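Numbering of the sequence shown is given in this note's numbering, commencing with residue 96 and proceeding in unit increments.
Below: one structure, written as structure tokens.
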Amino acid sequence: MKKDVVKKKEASKPRIPYHFKPDNLTLEEWQKALRKQFGSEKNFSIENVGNHPVFSDYLVTNPETNKTYKVAIRDERSGLNFCSCPDFKTNLLGTCKHVENVLFTLNKKAANKKIFKQGFCPSYSSISVLYGAERKVHLRVGETNSARIIKAATGYFDEAGFLILSQIDQIEKFIHQVSLLDKEFRIYDDAMEYILGIRDKNKRNKVIDTKYSSGKSIESIIRAQLYPYQAEGVKFAARAGRSLIADDMGLGKTIQAIAVSELYFKEKWIEKVLIICPTSLKHQWKSEITKFTGKESLIIQGLPHVRKEMYGYDADYNITSYDAVRNDISRINEAHFDLIILDEAQRIKNWKTKTSQQIKSIDSPYCLVLTGTPLENKIEELFSIMQFVDKFRLGPLYSFIRKHQVTDANGKVVGYEHLNDIQKTLNSVLVRRTKKEIEEQLPDRIDNNYFVSVTQEQKTIHDEWAETVTRIVAKWHKTGFLREEDRQRLLIALNCMRMVSDSTFILDQKTRFDTKIDELK
């Protein structure tokens with residue numbers, strides 16, 4: 096009977112709405128409640144891979160997507176729970192549906208509730224990342240040699256246990272000391288990745304400031320003379336590591352991307368580049384790479400089994416299309432490309448598409464995103480593109496939209512606000528120059544006229560239409576007006592004269608007599 100009462104209470108509990116925030120909840124409370132609700136409803140497969148019945152590591156598998164994430168249950172009060180899913184790392188909530196699903200499952204057992212109440216008190220010390228408004232490396236001191244470890248941490252970590260970034264280059268000394276004091280001491284993968292990322296950036300910036308401070312030093316790495324704004328763009332992207340170049344069309348984003356790649360090759364920071372672009376641009380990229388570097392590049396194409404093999408070839412530059420990536424994502428990640436270049440990045444502006452989701456699952460230390468489409472049109476598209484560049488930069492989508500979108504009573508978007516805040520946030524990873532801004536650096540327009548003769552076949556057809564034009568114009572002069580029917584015939588005749596001057600193929604598709612195309616080639 097009691098069980099039935101509990102079930103009725105659960106059934107009558109109101110659901111948290113997904114599409115709008117209840118008035119009685121803050122934005123963060125609403126998002127946490129949604130994840131708790133999802134977690135209690137999902138039928139995930141849970142495997143305890145640790146050695147504790149509650150405070151342990153778990154593998155959580157979603158049978159619908161067949162994706163598995165690692166969940167660490169520590170103590171909600173300490174904020175040390177963890178999940179390897181993208182949502183946990185970016186939502187700033189300290190939880191996700193996978194964590195909530197494990198907690199919901201564990202709390203079904205009465206014995207576990209007592210363990211939760213006692214709290215998480217392991218003997219070992221550990222270094223992890225706390226995901227909040229900003230990521231911070233945190234030291235948790237366990238019971239083993241705690242006094243000596245706290246003393247060793249002085250100067251490396253502040254009183255709250257957070258890493259002092261100025262000491263990041265010397266952190267190995269502390270790790271070595273603690274490893275001797277605590278044999279079970281552990282530093283988690285995401286903490287090590289974060290530390291190495293900062294150190295890599297510091298080292299990279301020092302090299303660029305020392306060796307590539309001038310435009311001439313940048314030009315020395317490729318076979319081209321760069322305009323000042325292009326040299327600055329190369330240095331900007333090289334320093335950032337992961338960045339977005341959103342210059343106007345025609346300002347040379349391709350050559351900037353190639354120059355960044357060559358700089359990274361020269362410094363031995365990368366070994367393989369993967370360029371993802373529209374199918375129509377693959378051969379253009381290959382041609383530009385050869386022109387500016389003298390290197391050959393590999394266009395990955397053909398049937399799936401052929402492409403799968405090609406990703407493993409030993410080529411500096413590898414070129415594939417967005418369409419191919421949708422089917423090749425697992426092989427791409429297996430190939431471990433060091434630098435990913437996305438051309439025409441507006442292809443991932445919608446985060447709901449399969450292409451966008453697959454692109455964002457590519458793992459690489461460096462990336463360079465190129466787009467000539469203005470990004471200020473829709474901030475949702477900017478957010479989607481930035482998820483590939485730096486998924487932490489703009490924070491979680493729910494707070495980003497709430498801060499910058501203006502909606503009417505019906506929820507329709509009617510405008511945007513606080514856009515200057517977005518610009519400040521992206522200053523170190525996004526560069527955009529318009530033609531108007533750098534027009535003084537561009538050369539004056541140069542016009543060259545090339546005169547070519549037409550073939551006899553073109554001249555014959557041209558003259559026939561010219562006779563029609565002559566008759567209509569003579570009639571116009573004589574009568575002083577032009578009927579609509581004659582006006583249409585005149586326009587058609589003039590257009591045909593223009594088209595046949597290029598090629599007879601345009602008019603009949605059965606013959607091809609021309610000279611302009613050969614001259615153009």
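Idealized CB from N, CA, C, for every residue including glycine.
Nothing here was measured: the structure is a model prediction, and the numbers come from that model.
I244 and V197 do not touch by the CB rule: their CB atoms are close to 29 Å apart, not below 8 Å.
The beta carbon of L120 is closer than 7 Å to those of A128 in its chain, skipping five residues each way along the sequence. Using a 10 angstroms sphere on the CB of C216, the tally of other CB atoms stays under 16, which defines it as exposed.
When the Cα atoms are used, L358 and V232 turn out to be separated by approximately 31 Å.
Take L577, set aside five residues on each side of it, and the residues of its chain with a beta-carbon closer than 6 Å to its own are W571, in chain order. Per DSSP, the beta-bridge partners of K231 are L225. Leaving aside the five residues that flank V501 on each side, the residues in its chain whose CB is nearer than 8 Å to its CB run, in chain order, V508, V509, G510, Y511 and E512. In this chain, the beta strand (DSSP E) harbouring T163 covers K162 to A167. Ranked by Cα distance from N202, the first of C180, F150 and A247 is F150.
Rounded to whole angstroms, the separation of the alpha carbons of I480 and R527 is 14 Å. Contact annotation: E559 and T606 have beta-carbon atoms that are not nearer than 8 Å.
Excluding residues up to 5 positions away in sequence, G336 lie with their Cβ nearer than 7 Å to the Cβ of K296 in the same chain. Going by beta carbons, S220 and D170 fall outside the 8 Å limit. Judged by DSSP in its simplified three-state form, T190 adopts coil rather than helix or strand.
When rounded, the separation of the alpha-carbon atoms in L122 and F133 is 17 Å.
Rounded to the nearest whole angstrom, the C-alpha separation of R540 and T185 is 47 Å. DSSP places G510 in the strand class (E or B) of the three-state scheme. Between L188 and S338, the C-beta gap is not smaller than 8 Å, which leaves the two residues out of contact.
Between P399 and the set H378, R421, K386 and S382, the nearest pair of CA atoms involves R421.
In terms of Cβ geometry, I384 and L434 do not form a close pair [threshold 8 Å].
In the three-state DSSP reduction, F257 falls in the strand class (E or B). A straight line joining the alpha-carbon of Q265 with that of E288 spans about 16 Å. In the structure shown, N300 falls within a helical segment according to DSSP collapsed to helix, strand and coil.
Q500 is bridged by DSSP to Y511. The stretch 302 to 319 makes no contact with the stretch 279 to 288, as fewer than three CB pairs between them are under 8 Å.
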